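-18 is the number of the first residue of the sequence shown in the numbering used here; add one for each residue after it. Scroll down for the structure; my scribbles are underneath it.
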Amino acid sequence: MKICITSQGDSLESQIDKKFGRCLYFIIADSETLEFEAIKNPNLDGMGGVGVQSGQLMSNKDVKAVLTGNVGPNAFQTLQAAKIDIITGISGTVKETIEKYKTGELKPAEKPSVDSNFGKK
-18 MKICITSQGD SLESQIDKKF GRCLYFIIAD SETLEFEAIK NPNLDGMGGV
32 GVQSGQLMSN KDVKAVLTGN VGPNAFQTLQ AAKIDIITGI SGTVKETIEK
82 YKTGELKPAE KPSVDSNFGK K
């Protein structure tokens, strides 16, 4: 299954980025094989709407779940509309997070974890 983990770097050993729309990297990984693609977030410095734009990117990449520290209401709504599971409160490394996901330890969020201004500089 293709999942996305927000990351501070471009490897499986990188730490989780606590922001979704303004994370540094999206790690798009196959949860079974651990094959992955690191995408530098093209929306990082956007003025607004970055959560929605990042959510649309996940939909275009056929991601089935997003694992992140926090997600705001606009991104949450966009991901939910695309039928992408949203898992918040994540910390540690990308690889540790994938392992926790595979064991079923992580559960989807039922609502946004922060307000719409979280993560703005």
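Positions of the beta carbon are idealized from the N, C-alpha and C atoms, including for glycine. Quick caveat: nothing in here was measured; it's all calculated off a predicted structure.
Per-residue burial, residue i [other beta carbons within 10 Å of its own, 16 or more giving buried]
| i | result |
| --- | --- |
| S(-12) | buried |
| L15 | exposed |
| M39 | buried |
| K0 | buried |
| S72 | exposed |
Through-space distance from residue j to residue i, alpha-carbon basis
| i | j | result |
| --- | --- | --- |
| A19 | G85 | 24 Å |
| A10 | F17 | 4 Å |
| P93 | G53 | 5 Å |
| L(-7) | P23 | 20 Å |
| G27 | D(-2) | 17 Å |
| G2 | K81 | 22 Å |
| V95 | K21 | 23 Å |
| G(-10) | L5 | 7 Å |
| S(-18) | Q61 | Note that residue -18 corresponds to Met in the displayed sequence, not to Ser. Each residue's alpha carbon lies about 17 Å from the other. |
| I65 | T74 | 21 Å |
| N51 | S12 | 21 Å |
| G32 | K83 | 26 Å |
Paired residues, beta bridge with residue i - DSSP
| i | result |
| --- | --- |
| K88 | K88 pairs with nothing; no bridge assigned. |
| K(-17) | D11 |
Q.
For a minimum of 4 consecutive residues, which ranges assigned as the alpha helix (DSSP H) are wholly contained in the segment 11 to 81?
A. 31 to 41, 54 to 62
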